[in-house]
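There are 2 protein chains.
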Amino acid sequence: MSDYLSAEAARLAPYTPGEQPQDQQYIKLNTNESPFPPSPRVVKALSRAELLKLNLYSDPTCAALVGALARRYELKAENIITGNGSDEILAFAFRAFCGEGRPVAYADITYGFYKAQTALFGLDAHIIPLREDFTLNVDDYLDFPGTIVIANPNAPTGMAVPRADIQRLLEARPDRVVIVDEAYVDFGGESCVPMIYRYENLLVVQTMSKSRSLAGGRVGYALGSPALIAALNRVKYSFNPYNVNRLSLIAGAAAVEDESYFATCTAAVVRNREWTARELEALGFTVLPSCTNFLFARCGRLSGGEVYRRLKENGVLVRWFDAERIRDYVRITIGSLEQMTALVDELGRLLDEL
Amino acid sequence: MSDYLSAEAARLAPYTPGEQPQDQQYIKLNTNESPFPPSPRVVKALSRAELLKLNLYSDPTCAALVGALARRYELKAENIITGNGSDEILAFAFRAFCGEGRPVAYADITYGFYKAQTALFGLDAHIIPLREDFTLNVDDYLDFPGTIVIANPNAPTGMAVPRADIQRLLEARPDRVVIVDEAYVDFGGESCVPMIYRYENLLVVQTMSKSRSLAGGRVGYALGSPALIAALNRVKYSFNPYNVNRLSLIAGAAAVEDESYFATCTAAVVRNREWTARELEALGFTVLPSCTNFLFARCGRLSGGEVYRRLKENGVLVRWFDAERIRDYVRITIGSLEQMTALVDELGRLLDEL
Chain U
1 MSDYLSAEAA RLAPYTPGEQ PQDQQYIKLN TNESPFPPSP RVVKALSRAE LLKLNLYSDP
61 TCAALVGALA RRYELKAENI ITGNGSDEIL AFAFRAFCGE GRPVAYADIT YGFYKAQTAL
121 FGLDAHIIPL REDFTLNVDD YLDFPGTIVI ANPNAPTGMA VPRADIQRLL EARPDRVVIV
181 DEAYVDFGGE SCVPMIYRYE NLLVVQTMSK SRSLAGGRVG YALGSPALIA ALNRVKYSFN
241 PYNVNRLSLI AGAAAVEDES YFATCTAAVV RNREWTAREL EALGFTVLPS CTNFLFARCG
301 RLSGGEVYRR LKENGVLVRW FDAERIRDYV RITIGSLEQM TALVDELGRL LDEL
Chain Z
355 MSDYLSAEAA RLAPYTPGEQ PQDQQYIKLN TNESPFPPSP RVVKALSRAE LLKLNLYSDP
415 TCAALVGALA RRYELKAENI ITGNGSDEIL AFAFRAFCGE GRPVAYADIT YGFYKAQTAL
475 FGLDAHIIPL REDFTLNVDD YLDFPGTIVI ANPNAPTGMA VPRADIQRLL EARPDRVVIV
535 DEAYVDFGGE SCVPMIYRYE NLLVVQTMSK SRSLAGGRVG YALGSPALIA ALNRVKYSFN
595 PYNVNRLSLI AGAAAVEDES YFATCTAAVV RNREWTAREL EALGFTVLPS CTNFLFARCG
655 RLSGGEVYRR LKENGVLVRW FDAERIRDYV RITIGSLEQM TALVDELGRL LDEL
């Protein structure tokens, strides 16, 4: 490693994002994108007149986007911060609420990026194993004195924790921040947003990358009490005050205002998920119950790595994590019915050849 | 301050960006934006077909934008990293090259954001005063054992250091990283880019916010040796792997490919700057020599704060820093000739009234 690196940078654990082949030759079911284009309102809002204003800085307070979110979630502007994707928002939260004497706890099997951020800020992390069946036992977190991060629904399992369980964590220690990462909540999870006015220590993080068809626009946000949002703003203004660009501000606001398009797209994904789960089970797969836009499934006859490799050879990309406990599984994004049919056909062929 | 804050977040020193009034009632000469819209090639490249792909993640390697920069600067892809504005790139650099046992040095009067990032990463900073006339004495840095950051040309003074001076710093200690922040270099500074192949310890940071009319697009980049760029990527993949959105990648590449538009716009700014400097001097102002798209000027008859306030009351926004040594100055962005004429007329009126 280079001598120029600081000791802190040498200790980092960089995240490996899913493959993003730029040639579009694959049926891409590996990074949980929406199969649907952004709302027509997004495309219309990104007008020529707006493009011609790119010489001017974006609004650092992101007021228009924050306002649209406030109306959608029945909150106030002081309850909201927006960012360059929810990864940035999570980084702000890890810095704001964790540090010396303030450890962080999260599950052994969850969004891999939490580990990268733990290393980035040199945090003391308590990794708490999920149960054998991949459910999360909130009792394991009740007495934890630091900050808790729960992806709900969880990735890559797709499984959700009831809101009442999160509520127990919030009440057990009101001095402790609970970060609920709801990246996938719009596909069937139980959101904690309605509890924001009640619990000052609750931070909900969401993204427009999945249910709002804006992965390429990079728009994430956190919803919480004014105290927590002010803390996140301290970090934002120390790191990158103009963190959301002009076009993403416009796209994000237009997306959140098109409720009917959102409802149509998320309903279609849920329908395709249920269809795909049944088909996979018919092929002998074990499929975990999913509240998300992906399925976590185990073949039984082939290892997860083999399923991943053989599908890739045949033009279908899914995600495989070469990690303990989940090595036998693949994570399959729910795309269009056409894409899911192609996946199921391909898997059928692979298994027939065994 | 909230009890939820980590000790590290409590110690932050958030940056205050220049006012960004959203109502456009001002002649806005306070944040060093370009008075010209982005290149017509940028507007054309942001096509409907591209907008319809916003549901897909952006390329985390930013290959198309990196490729365009590589062609423009005669470098290789491994010499380049792009970011969500150069503020993000600077943050990556502060984390990658500074830390425990690796202090950072910069001038007392320079880009205010360095202080915010010093606090963000808890760094030991050596603040080295500029000379009385605001020139930078490189001898003051020659023996410094940590990382050096020099804004060249400097903000808010507008004054530049010769490339040969930077070269002395690079050679004095090859084990030490020198970060040259060239945000304003395209308006008359001497870029260090031609030295990149020669000095492994040189990192040049640039932005498309000023000379490329893309402040609202948030595109910054660093150019340097593969070792330094790899270090920055370690931080990026620990913080936000998809840090540049799809539309900014496209806009940035189109902007960097339109060399003639770039040349026309920067030449116009330089012409308007020279005209404005003469007019200000005719009004009795002391104007520092500028290699940038702004002027740093002292009225003599009114304090900097008074000039700022009276101009604002009359619809012209400039930037004033309420800080030691520069309190008597205002920083005036160079806009269109029409805008600069309005500024000069307004100042003339204010001074006549005294």
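Those protein sequences? They're chains U and Z, same order as listed.
Sequential numbering of the first sequence, starting at 1, is according to our numbering.
Sequential numbering of the second sequence, starting at 355, is according to our numbering.
Even glycine gets a Cβ: it sits at the ideal position worked out from N, Cα and C.
(Q) Please confirm whether Cys98/U has its beta-carbon closer than 8 Å to some beta-carbon of chain Z. (A) Indexing the first sequence from 1 puts residue 98/U at position 98. Chain Z, which has a Cβ nearer than 8 Å to the Cβ of Cys98/U, makes this yes.
Q: Establish whether the CB of Leu410/Z and some CB of chain U are separated by less than 8 Å.
A: Translated into the one-based positions of the second sequence, residue 410/Z becomes position 56. For Leu410/Z, the answer is yes, since a Cβ of chain U falls inside 8 Å of its Cβ.
Q. Taking the Cβ atom as the reference point for each residue, do Ala418/Z and Ala607/Z lie within a distance shorter than 8 Å?
A. Sequence index remark: in the second sequence, residue 418/Z carries index 64 (1-based). Sequence index remark: in the second sequence, residue 607/Z carries index 253 (1-based). Closer than 8 Å, so yes.
Q) Shorter than 8 Å from the beta carbon of Val397/Z to some beta carbon of chain U? A) Counting from 1 along the second sequence, the entry for residue 397/Z is found at position 43. Yes, contact with chain U.
Q. Do you know offhand how far Val380/U's Cα is from Ala183/U's?
A. Residue 380/U cannot be examined here, being either before or after the span of chain U that is shown, 1 to 354.
Q.
Cutting at 8 Å between CB atoms, please list the residues of its own chain near Ser191/U, excluding the five before and the five after it.
A. Translated into the one-based positions of the first sequence, residue 191/U becomes position 191. Within the same chain, Ser191/U has close Cβ partners Arg163, Glu182, Val185 and Val204.
Q) Looking at C-beta atoms only, is the number of pairs between the segment 404–422 of chain Z and the segment 588–607 of chain Z that lie closer than 8 Å three or more? A) yes
Q. Any Cβ of chain Z within less than 8 Å of the Cβ of Val235/U?
A. Walking along the first sequence from the start, residue 235/U turns up at place 235. Yes, contact with chain Z.
Q) Beta-carbon separation of Phe285/U and Ala297/U under 8 Å? A) Position 285 of the first sequence, counting from 1, holds the residue named residue 285/U. Position 297 of the first sequence, counting from 1, holds the residue named residue 297/U. Yes, the pair counts as a contact, with Cβ atoms nearer than the cut-off.
Q) In three-state DSSP terms, what is Arg327/U? A) For the purposes of this step, residue 327/U is taken as residue 327 along the first sequence, with counting starting at 1. Looking at Arg327/U - three-state DSSP - the assignment turns out to be coil, as it is neither helix nor strand.
Q. Can you tell me whether Gln374/Z is buried or exposed, with buried defined as 16 or more other CB within 10 angstroms of its CB?
A. Against the second sequence, residue 374/Z aligns to sequence position 20. The residue in question, Gln374/Z, is buried, as its Cβ has 16 or more Cβ neighbours within 10 Å.
Q. Would DSSP call Ile688/Z helix, strand or coil?
A. If you number the second sequence from 1, residue 688/Z lands on position 334. Ile688/Z: coil per DSSP, three-state reduction.
Q) Under 8 Å, do Phe92/U and Gly99/U count as touching if we go by C-beta distance? A) For the purposes of this step, residue 92/U is identified with residue 92 of the first sequence, where counting begins at 1. For the purposes of this step, residue 99/U is identified with residue 99 of the first sequence, where counting begins at 1. No; because the gap between Cβ atoms is not below 8 Å, this pair is not in contact.
(Q) To the nearest angstrom, how far is the alpha carbon of Glu279/U from that of Arg273/U? (A) Within the first sequence, residue 279/U is the residue found at index 279, counting from 1. Within the first sequence, residue 273/U is the residue found at index 273, counting from 1. Distance between the alpha carbons of Glu279/U and Arg273/U: 10 Å.
Q. Between Phe639/Z and chain U, is there a C-beta pair that is closer than 8 Å?
A. Against the second sequence, residue 639/Z aligns to sequence position 285. No, its Cβ sits nowhere closer than 8 Å to a Cβ of chain U.
**Q.** Phe94/U, enclosing alpha helix (DSSP H) - first and last residue
**A.** Stepping through the first sequence from its first residue, residue 94/U is reached at position 94. Segment Ser86 to Phe97, the alpha helix (DSSP H) holding Phe94/U.
Q.
Counting only Cβ-Cβ distances shorter than 8 Å, please list the residues of the segment 3–15 of chain U near chain Z, keeping chain order.
A. Asp3, Tyr4, Leu5, Ser6, Ala7, Glu8, Ala9, Leu12, Ala13, Pro14 and Tyr15
Q: Report the neighbours of Pro38/U on chain Z: residues whose CB is nearer than 8 Å to its CB, in chain order.
A: To locate residue 38/U, count along the first sequence from 1; it is residue 38. Chain Z residues near Pro38/U: Leu405, Leu406, Leu408 and Asn409.
Q. Could you give the distance in angstroms between the alpha-carbon of Trp275/U and the alpha-carbon of Ile443/Z?
A. By one-based count along the first sequence, residue 275/U stands at place 275. By one-based count along the second sequence, residue 443/Z stands at place 89. Straight-line Cα distance between these residues: approximately 44 Å.
Q) What residue does the alpha helix (DSSP H) around Ala215/U start on, and which one ends it? A) Along the first sequence, one-based indexing puts residue 215/U at 215. Looking at the DSSP string, Ala215/U is not in any alpha helix (DSSP H), and its letter there is neither H nor E.
Q: Would you please verify whether the beta carbon of Glu387/Z is less than 8 Å from any beta carbon of chain U?
A: In the second sequence, counting from the first residue as 1, residue 387/Z sits at position 33. Taking Cβ atoms only, chain U reaches closer than 8 Å to Glu387/Z, which makes this a yes.
Q: Using a Cβ-Cβ cut-off of 8 Å, state whether Pro595/Z counts as contacting chain U.
A: Walking along the second sequence from the start, residue 595/Z turns up at place 241. Judged by the 8 Å Cβ criterion, Pro595/Z is in contact with chain U.
**Q.** CB contact check: Ala576/Z to chain U, cutoff 8 Å
**A.** The sequence position of residue 576/Z within the second sequence is 222, counting from 1. No, Ala576/Z does not count as interfacial toward chain U.
Q: Flag Leu711/Z as yes if its beta-carbon sits less than 8 Å from any beta-carbon of chain U, otherwise no.
A: The requested residue 711/Z is not part of the displayed model; chain Z covers only 355 to 708.
Q.
Please report whether the beta-carbon of Ser592/Z lies at a distance below 8 Å from any beta-carbon of chain U.
A. Reading the second sequence from its first residue, position 238 is the one you call residue 592/Z. At least one chain U Cβ lies under 8 Å of Ser592/Z.
Q. Taking all protein chains shown into account, do 16 or more other C-beta atoms lie within 10 angstroms of the C-beta of Glu338/U, making it buried, or fewer, making it exposed?
A. The count along the first sequence starts at 1 and reaches residue 338/U at position 338. Under this definition Glu338/U is an exposed residue.
Q. DSSP state of Gly543/Z, grouped into three classes?
A. Here residue 543/Z corresponds to residue number 189 of the second sequence, with the count starting at 1. Residue state, collapsed to three classes: coil.
Q.
Strictly below 8 Å CB to CB, what residues from chain U border Leu568/Z?
A. As a working mapping, residue 568/Z is identified with position 214 in the second sequence. Simply Leu54 and Asn55.
Q. Can you tell me whether Pro528/Z is buried or exposed, with buried defined as 16 or more other CB within 10 angstroms of its CB?
A. By one-based count along the second sequence, residue 528/Z stands at place 174. So Pro528/Z ends up on the exposed side.
Q: Could you have a look at Asp181/U and say whether DSSP puts it in helix, strand or coil?
A: Here the question's residue 181/U lines up with position 181 in the first sequence. Asp181/U: strand per DSSP, three-state reduction.
Q. Would DSSP call Gly101/U helix, strand or coil?
A. Within the first sequence, the letter at position 101 stands for residue 101/U. In the structure shown, Gly101/U sits in coil (DSSP, three-state: anything other than H, G, I, E or B).
**Q.** As assigned by DSSP and simplified to three states, the class of Thr620/Z
**A.** Residue mapping note: residue 620/Z aligns to position 266 of the second sequence, counting from 1. The answer is helix: DSSP assigns Thr620/Z an H, G or I state.
Q: Determine, using beta carbons only, whether Gln560/Z comes closer than 8 Å to chain U.
A: Counting from 1 along the second sequence, the entry for residue 560/Z is found at position 206. No, its Cβ sits nowhere closer than 8 Å to a Cβ of chain U.
Q) Which runs of the beta strand (DSSP E), 3 residues or longer, sit entirely within the segment 137–169 of chain U? A) 147–151
Q) Got a sec, what are the start and stop residues for the alpha helix (DSSP H) Arg402/Z sits in? A) Position 48 of the second sequence holds residue 402/Z. Unbroken alpha helix (DSSP H) run through Arg402/Z: Arg402 to Leu405.
(Q) Pairs of beta-carbons, one from the segment 356–369 of chain Z and one from the segment 645–664 of chain Z, closer than 8 Å: are there three or more? (A) no
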